[in-house]
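When we follow the numbering used here, the leftmost residue of the sequence shown carries the number 882, and every step to the right adds one.
Remarks on the structure that follows.
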Amino acid sequence: MPKKVLLVGGGITSALIGNILRSDFENINLSLWEKLSEAGGRFNTITGGKNNELLVDLGAQSDKWNAVTETGKEELFDVVILTIPVPEILKLTGDLESLLFNNLVREHLSAVEYSSRFALGLFFDKGVFTEWDAEYIDDDSVLRYTANDSWKAHGEPKFKSAKVFKHWPEPSSTVICQWSYSQVFKPYYSKPGSVILNEKPLLIAGGDGFIGSTFDDCIFSAKTICNLLSNNYCGK
Ligand SMILES: Cc1cc2nc3c(=O)[nH]c(=O)nc-3n(C[C@H](O)[C@H](O)[C@H](O)COP(=O)(O)OP(=O)(O)OC[C@H]3O[C@@H](n4cnc5c(N)ncnc54)[C@H](O)[C@@H]3O)c2cc1C
């Protein structure tokens, strides 16, 4: 019988795990639950709407996890891997709450901190700037960085330090993005990459919260999760 493995969260860490599991592991039946309509997580430029696969409750039933979404979709899995931001793990209901109750792991999870980030996208019908592609702003209390994205991608680099906002014309449209969890400010204690939250049935948590917010960190986290799987449950 293939082992049923549920990956919760469709970000980069999850994509890397899925890739390793598919190429190096046999006899695994892999599912992915992602709350948004598009995969990519924080690597996505603009996130899509809800996809109703928001995991809300995890209940242990003998040797399996009963995973339940916001809309009541329910399924049993042998292994669950959470790569969602740490504060989202702490929101899950079910047996996870009691597993973590009064536990050092819960303390370490609660101590993880992320920075927040806000972005304002201004769209213009025709090019209006001539002097820069992108720049960091170090003398403003709110603004940190500005970029002319089409030039960044296609133009010649022309960096110049100037604050030009007040001279900009009216944009034809705007979009505001907010990331409550942008980059990890304080990772999980000792940066293990991932942590076993329960051994039987197996529940593992990973992602940038357990190490740091670089691409290499996400690769490290994905590899530690696959090692834990290999050592604790699913042979290669
Ligand atoms: C604006 C911004 C700029 C950044 N710049 C850089 C950079 O320059 N370089 C760099 O290395 N890193 C950067 N990062 C950080 C990088 O994007 C993250 O470290 C990385 O994407 C984390 O990947 P992840 O898979 O661990 O988590 P995530 O990408 O957060 O993936 C988790 C997924 O889980 C989903 N989810 C959450 N809760 C649930 C639930 N209950 N049920 C189902 N699904 C759920 C989310 O929708 C998300 O898709 C930036 C991040 C932001 C926001």
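Ideal Cβ placement from N, Cα and C applies to all residues, glycine included.
This one's a predicted model, so the numbers in the text were calculated from it and none came from an experiment.
| Query | Result |
| --- | --- |
| Contact under 7 Å by Cβ, S1053 with F1091 | no |
| Cα-Cα separation, L1110 to D1021 | 47 Å |
| Inside the segment 895-930 only - beta strand (DSSP E) runs reaching at least 3 residues | 909-914 |
| Simplified DSSP state of E978, which is helix, strand or coil | helix |
| Inter-stretch contact at 8 Å, needing at least 3 Cβ pairs: the segment 964-972 / the segment 980-995 | yes |
| Extent of the continuous beta strand (DSSP E) to which V1076 belongs | S1075 to N1079 |
| Buried or exposed by the 16-neighbour rule on C-beta atoms within 10 Å, applied to I962 | buried |
| Segment contact flag, the segment 985-992 with the segment 1058-1074, C-beta cutoff 8 Å, min 3 pairs | yes |
| beta-carbon L936 near ligand 1 non-hydrogen atom, thresh 6 Å | yes |
| DSSP three-state assignment for G1093, whether helix, strand or coil | coil |
| Sequence-distant residues of its chain with Cβ nearer than 8 Å to F1066 (five each side left out) | E994, Y995 and S996 |
| Status (buried if at least 16 other CB within 10 Å, exposed otherwise) for Y1062 | buried |
| Beta-carbon proximity list for L977, same chain, < 6 Å, skipping 5 on both sides | L939 |
| Start and end residues, beta strand (DSSP E) containing E969 | From DSSP, E969 is part of no beta strand (DSSP E) but of the alpha helix (DSSP H) over V967 to I970. |
| Residue from L902, N925 and L936 whose Cα sits closest to the Cα of G890 | L936 |
| L935 - DSSP class collapsed to helix/strand/coil | coil |
| Rounded straight-line distance, which links the Cα of D1030 to that of M882 | 50 Å |
| DSSP state of L1024 mapped onto helix, strand, coil | coil |
| Classification of K954 by the beta-carbon crowding that lies within 10 angstroms, buried from 16 upward | exposed |
| Range covered by the alpha helix (DSSP H) that runs through E988 | L985 to A992 |
| Assigned secondary structure, P1038 (DSSP; H/G/I helix, E/B strand, else coil) | Reliability fails at P1038, whose pLDDT of 45 lies under 50, so the model's placement of it is uncertain and no value is given. |
| Local conformation of G940 per DSSP, three classes | strand |
| D959 beta carbon less than 7 Å from that of K945 | yes |
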